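Quick note, the sequences are listed as chains A and B, same order.
Sequential numbering from 190 applies to the first sequence in this note's numbering.
Sequential numbering from -6 applies to the second sequence in this note's numbering.
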Amino acid sequence: MAKPNDLVQGTLDLLILKTLSLEPKHGWAIAKRIQQISGEVLQVQQGSLYPALHRLEQKAWIKAKWKETETGRQAKFYSLTVAGRAQLEKEAANWSRLSAAINLVVETT
Amino acid sequence: MVWARRLALRLQTLFHRHRFPQQLDDEIQFHLDQQIAENIAAGRSPEEARYAAMRTFGNPTLLKEETRDTWGWVWLEQFASDLRYATRALRKSPGFSAVAVLTLALGIGANTSIFGLVNGILLVPLPFPNPERLVGITGTYPRGGVVAMREQVRAMDVAAYYEGHEFNLTGLGQPARLTGTRVSAEFFSVLGARPELGRTFLPGEDIPGQDNYVILSHTLWQQRFAGNPTIIGRSIQLEGINRQVLGVMPENFRFPSAKTQVWIPLHNDPRNVILYWADDFMPALGRLRQGFNFKQAQTEIRLFQPRVSAMFPWPMPADWNADVSVVPLRNGMVADVRLRLLVLLGAVTLIVLIACVNVANLTLARSATREKEIAVRTALGAGRKRIVMQLLTESVLLAGFGALLGLALATKGFSLLKVVLPADTPRLNDAHMDWRVLVFTGALAISTGLLSGLAPALQSSRTSPTETLRAGGRASTLPLSRRLRSGLVVAEVAFAVLLVTAAGLLIRSFWALSHVNPGFRSEHVMTARITPNQSFCSDLERCLTFYRTLLDRIQTSPGVDGAALVNTLPLGGRVAKRSLDLEGFIVSRGRTSPLFWLHIVTPDYFRVMGIPLLSGREFTHADLSGAPVAIITAETAQRYWPNQNVIGKHIRLLDDKNWSTVVGVAGDVRAYDLQRNIPAWMNGSVYVPYNSAATLEDGRMPADLSMVIRTIVDSSKTGATLRELVAGVNPDAPVSEVKTMSTVVSESVATPRSTALLFVVFAALALTLGSIGIYGVLSFVVSNRTREIGIRMALGAQRQDVLRSVLTEGGRTSLLGIALGMAAAFALMRVLSSELYRVSATDPLTFGVVAIIVAVIALLACYVPANRAMRVDPMVALRYE
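#1: With the cut-off set at 9 Å, would you say A:Leu242 and A:Ala249 are in Cβ contact?
#2: How would you list, in chain order, the residues of chain A whose beta-carbon sits under 9 Å from the beta-carbon of B:Trp875?
#3: What do you get for B:Gly220, buried or exposed, if any count of 16 or more other CB atoms within 10 angstroms of its CB means buried?
#4: Which residue comes first and which comes last in the beta strand (DSSP E) that contains B:Arg175?
#5: Check each candidate in B:Gly284, B:Asp423, B:Leu410 and B:Leu443 and name the one with the smallest Cα separation from B:Val352.
#6: Would you say A:Ser237 reaches chain B, if we count a Cβ-Cβ gap shorter than 9 Å as a contact?
#7: Could you spell out the range, first to last residue, of the beta strand (DSSP E) harbouring B:Tyr768?
#8: For B:Asp691 and B:Asp316, I'd like the C-alpha separation in whole angstroms.
#9: Are the beta-carbon atoms belonging to B:Asp866 and B:Gln383 less than 9 Å from one another?
#10: Which chain B residues sit within Cβ distance under 7 Å of A:Gly216?
#11: Select from the segment 259 to 276 of chain A all residues with a C-beta closer than 8 Å to any C-beta belonging to chain B, and list them in chain order.
#12: Identify, in the order they occur along the chain, each residue of the same chain with its Cβ nearer than 6 Å to the Cβ of B:Ala103, setting aside the five sequence neighbours on each side.
#13: For the segment 248 to 264 of chain B against the segment 126 to 145 of chain B, do three or more pairs of beta-carbon atoms, one drawn from each stretch, fall closer than 8 Å, so that the two count as touching?
#14: What whole-angstrom Cβ distance do B:Val795 and B:Ile811 have, given they're in contact under 8 Å?
#15: In whole angstroms, what separates the C-alpha of B:Ala(-3) from that of A:Leu245?
#16: What is the DSSP secondary structure of A:Trp255, counted as helix, strand or coil?
#17: Hey, how far is the Cα of B:Ala361 from the Cα of B:Val770?
#18: Assuming contact is defined by CB atoms lying nearer than 9 Å, are B:Leu334 and B:Ile625 in contact in what I supplied?
#19: What's the gap between the Cα of B:Ile225 and the Cα of B:Val207?
#20: For the alpha helix (DSSP H) holding B:Asn58, just list the boundary residues, first then last.
#21: Alpha carbon to alpha carbon, how far is B:Phe539 from B:Asn723?
#22: Compare the C-alpha of B:Gly841 against each of B:Leu346, B:Val490, B:Arg363 and B:Leu385 and name the closest.
#23: Exposed or buried, which one is A:Met190 when buried takes at least 16 other CB atoms within 10 Å?
#24: Alpha carbons only, please: which of B:Asp707, B:Leu607 and B:Val94 is nearest the one belonging to B:Leu398?
#25: Give the interface partners of A:Pro240 over in chain C, defined as CB-CB distance under 8 Å, in chain order.
#26: The alpha helix (DSSP H) spanning B:His158 covers which residue range?
#27: I want to verify the contact list: residues of chain B whose CB lies under 9 Å from the CB of A:Gln225, in sequence order.
#28: Answer yes or no: does any C-beta atom of chain A fall closer than 9 Å to that of B:Gly51?
#29: For a test of the three-state rule: what should DSSP assign to B:Thr704, helix, strand or coil?
#30: Indicate whether B:Arg524 and B:Ile702 have their beta-carbon atoms separated by less than 9 Å.
#31: Report the start-end ranges of each beta strand (DSSP E) in the segment 422 to 503 of chain B that is 3 residues or longer and not cut off at the edges.
#32: So what does DSSP say about A:Lys221, is it helix, strand or coil?
#33: Please identify the residue among B:Val568, B:Gly657, B:Ser685 and B:Thr163 whose C-alpha is closest to the C-alpha of B:Gly157.
#34: Taking B:Asp574 as part of the beta strand (DSSP E), name the residues at either end of that continuous run.
#35: Give the residues of chain A in contact with B:Leu2, contact being defined as C-beta atoms less than 8 Å apart.
#36: Can you tell which of B:Val775, B:Thr779, B:Ile767 and B:Gly603 has its C-alpha closest to the C-alpha of B:Val849?
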């Protein structure tokens, strides 16, 4: 199982951006979503989301808003900005290229 | 717009940063609660659920710290705390702080005032719209050339001006001599200058018949016309001609220089061939037209040159304006002072460097006593970077206070500088302390802070906490720190040597200059300019009678030994030139006839001025009407008729019919400046008697003359007597520039005097700071060595040995500094050579004297601490530790 620190920083950013691309979510939901989708393979140390979230917020790729959850508590919801969406596309493309290249190397030997 | 959003976010974070930690806590708490709830739902006990949630989350404190870093304002908070800490630390050692602030204030103050000048003269754009489009044309052109340029050059709008015309203002009480500039009609519009009142010239208003106009300077308007606005449209009488006042220029319009009191149209009359093509070769300026650039203007003006040359009614020499080009107008105006200002800036840079070294030294000495404090901080987890940052904050804070005090000093120094510098320094009146100077001072403060703090900070931060704490706080001077400090002293002494050498050379040069034999005796000679209207002398007889009457009357006045007239007073700043033919001298083809300085004098001139006649005779009254005669100077005689009997040779003013016979050879006179007899672009110097044949280039007899009066005793009354006499004979002739010949001489060396004076001040400053530096370091070394000295003395060392040992230490450092400084001076003093007269830039005598002076002062600075070391009582010293 991959330890969270093995997740390269850029990758974590990509995962967050991708997760937010459908709808706004709070931190915990983001962590859960990443875990679920990756079939529990990617187990992010949940706390390490927060430095990443705040960094992305400072870069204006995501924005945050305090809103009420279904259970009536105040939570900080993150959503993608226009610049964030562009960044997501760029990073996703990069990622595809990189993983395709690695696949190619790994499988042709 | 991402960047705008980012900026907004950062500012938001900055201003609301107190709210952020709380929000982060809430956010993380929410996360944990969610996770706990999920864990409970999965069937764990609340206790277990909480631990599991914490485990999957990680270390919240660390993560919060990491998150805080992303907000990007940690450095600011650290800086604020550093600043608080620095203030406290400086307040704790007021002695050190005061000396450091004062030292830096002197350095920064000197720099700021000189930079104020550099800024005002070299950097600030000219006060006209789009000043970057204004260019100066390096050649000079007669009126015809200017008109042709105006019509043919397409890259720019062209204007021209001739500075230094003089006009009598009459009909309004006491007549006054005004300095005016003749300008082409486009002059003001090309510059883009607007009048304060009325209007400027319109195109065509420099054509004869449409040019009886004048524009006044603000100062003249205030002084002569009491600032009365109804002057616009009225006529005033200049040189006997009525001119309508069109406008008044604002106070800050000082072009071409602050001397100009009136602007008058050029009078472009093509029918007057001499006036149009031969008179008043004047500089031109231009404003680049829309769509043209500097390069194109340059190309065009070079192509224009052969064309304008061909337009002259006579063949022009091939080298006339051959290297014409276009320069930014401001550069052209200040070309003469640029080097001098940069040299001054270099000098004050050395001073601020010395100040920095001094403060670095003091800080090093002080940091030895702070080793323990720093060791504690390191032991408590402060990284080296944080320690360095904190120490640097301290020195920058010091420099900041130094800069504040320096700014106050600089304001004072700046107004002093304006007085010390020669009044004719271009743009001097435009120079003000503005925001650029403030920015400069701010930048200087930061860099001096860093410069003076960096070495000590790096040094201190190397402290090993274990050793220092174990040593129990006893100052343990690291050998490296001691070497660093000696190195700093060496640098300081070397800088001081550079400045003192420069001052020494300039003083020697100035001394040589003031002891030059000018070729005349200036004691007991009064001078004054008498300037009737030019039209007054169109009637030659009236003019000659006026001056003859005047001379007769002044010569019989009490206390007057003799009086004479001359067109151009030696060192008086005016030049009169004529081309002429010399007997036996053939002008080679393509070259112009020799250009001579034409002195027009009355018979007594040589005796009154004390100019020796080397051979032949003086002019007599008979020469005023008899056969034409001339007297040449010794240098001229040597140049054209070497080793021949000159008496009886002939010369002829160009365009003159008659040859004049040389009747005498006069001693050379420093006529142009004290360095030279005549300017380098002239070939010789000749005297002719003041009569109807004595004409200037424009074919007219000069109406304005200088009177020289030899008095028996110096008396201020002579000037008043002269004024009365002139008013009695011709009430419309102003008398101006009444001063003694000694004053004239002294004014001619205003520039070298001011440069030498400034350097003396700088050198004194450098020596003071330098000796404080040596003294400080040695005192510290001695107090550090007290114990060692005590042991030595207890073991039988003599006081003399101790004295010698300390003196040797100081002396070695100083000598090394002096040697390095000398070497640097040897290489660098070249930049001064244009300012030096009869002193080589590597004058061995000056270098030797400077070395001795600096060595003596260094030794004195060493002696005080050495003396203290000698008096160490071994018992006290040993018990003390």
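Every residue, glycine too, gets a C-beta built ideally from N, C-alpha and C.
Quantities reported herein were computed from a predicted structural model and do not represent experimental measurements.
This is what the structure holds:
#1: The answer is no: Cβ separation not under 9 Å.
#2: No answer is possible for residue 875 of chain B: the residues shown for chain B start at -6 and end at 874.
#3: Classification for B:Gly220: exposed.
#4: From DSSP, the beta strand (DSSP E) with B:Arg175 extends over Ala169 to Val176.
#5: Taking only the C-alpha atoms, the option nearest B:Val352 is B:Leu443.
#6: For A:Ser237, the answer is yes, since a Cβ of chain B falls inside 9 Å of its Cβ.
#7: Where B:Tyr768 is concerned, there is no enclosing beta strand (DSSP E), although the alpha helix (DSSP H) it sits in stretches over Ala743 to Ala787.
#8: Going by the C-alpha atoms only, they are around 26 Å apart.
#9: With a cutoff of 9 Å on beta-carbon distance, B:Asp866 and B:Gln383 are scored as not near each other.
#10: Going along chain B in sequence order, the residues near A:Gly216 (Cβ under 7 Å) are Glu20 and His24.
#11: Closer than 8 Å at the C-beta level to chain B, one finds these residues of the segment 259 to 276 of chain A: Arg262, Gln263, Ala264, Lys265, Thr270 and Ala272.
#12: Excluding the 5 residues flanking it on each side, B:Ala103 has same chain C-beta neighbours closer than 6 Å at Val341 and Ile344, in chain order.
#13: With a cut-off of 8 Å, the segment 126 to 145 of chain B and the segment 248 to 264 of chain B count as touching, because enough Cβ pairs lie within range.
#14: Between B:Ile811 and B:Val795 the Cβ distance is about 24 Å, and since that is not below 8 Å, they are no contact.
#15: Straight across, the Cα-Cα distance linking B:Ala(-3) with A:Leu245 is about 15 Å.
#16: In the three-state reduction of the DSSP assignment, A:Trp255 falls in the strand class.
#17: Straight-line measurement puts the Cα of B:Val770 at about 12 Å from the Cα of B:Ala361.
#18: In this structure, B:Ile625 does not lie closer than 9 Å to B:Leu334 by Cβ.
#19: In a straight line, the C-alpha of B:Ile225 is about 10 Å away from that of B:Val207.
#20: The question names Asn, but residue 58 of chain B in the sequence shown is Glu. Per DSSP, B:Glu58 is one residue of the alpha helix (DSSP H) stretching across Pro53 to Trp64.
#21: Whole-angstrom Cα-Cα distance: 8 Å.
#22: With distances taken between Cα atoms, B:Gly841 lies closest to B:Val490.
#23: Reliability fails at A:Met190, whose pLDDT of 33 lies under 50, so the model's placement of it is uncertain and the value that follows must be treated cautiously. A:Met190 is exposed by the Cβ-count criterion.
#24: It is B:Val94 whose Cα lies nearest to the Cα of B:Leu398.
#25: Any reference to chain C falls outside this structure, whose protein chains are A and B.
#26: Counting along the chain, no alpha helix (DSSP H) covers B:His158; the unbroken beta strand (DSSP E) around it starts and ends at Met149 to Thr163.
#27: Those within 9 Å of A:Gln225 in chain B number zero; the least Cβ separation is about 12 Å.
#28: Interface with chain A (9 Å Cβ-Cβ cutoff): B:Gly51 is included.
#29: Reduced to three states, the DSSP call for B:Thr704 is strand.
#30: Checking the sequence shown, residue 524 of chain B turns out to be Thr, not Arg. Not a contact, by the Cβ cut-off of 9 Å.
#31: For the beta strand (DSSP E) assignment, the segment 422 to 503 of chain B encloses no uninterrupted run of at least 3 residues.
#32: Residue state for A:Lys221 is assigned as helix, using DSSP reduced to three classes.
#33: Considering only alpha carbons, the answer is B:Val568.
#34: For B:Asp574, the enclosing beta strand (DSSP E) covers residues Lys570 to Leu575.
#35: When 8 Å is used as the limit between beta carbons, B:Leu2 is near these residues of chain A: Glu246, Gln247 and Ala249, in chain order.
#36: It is B:Ile767 whose Cα lies nearest to the Cα of B:Val849.
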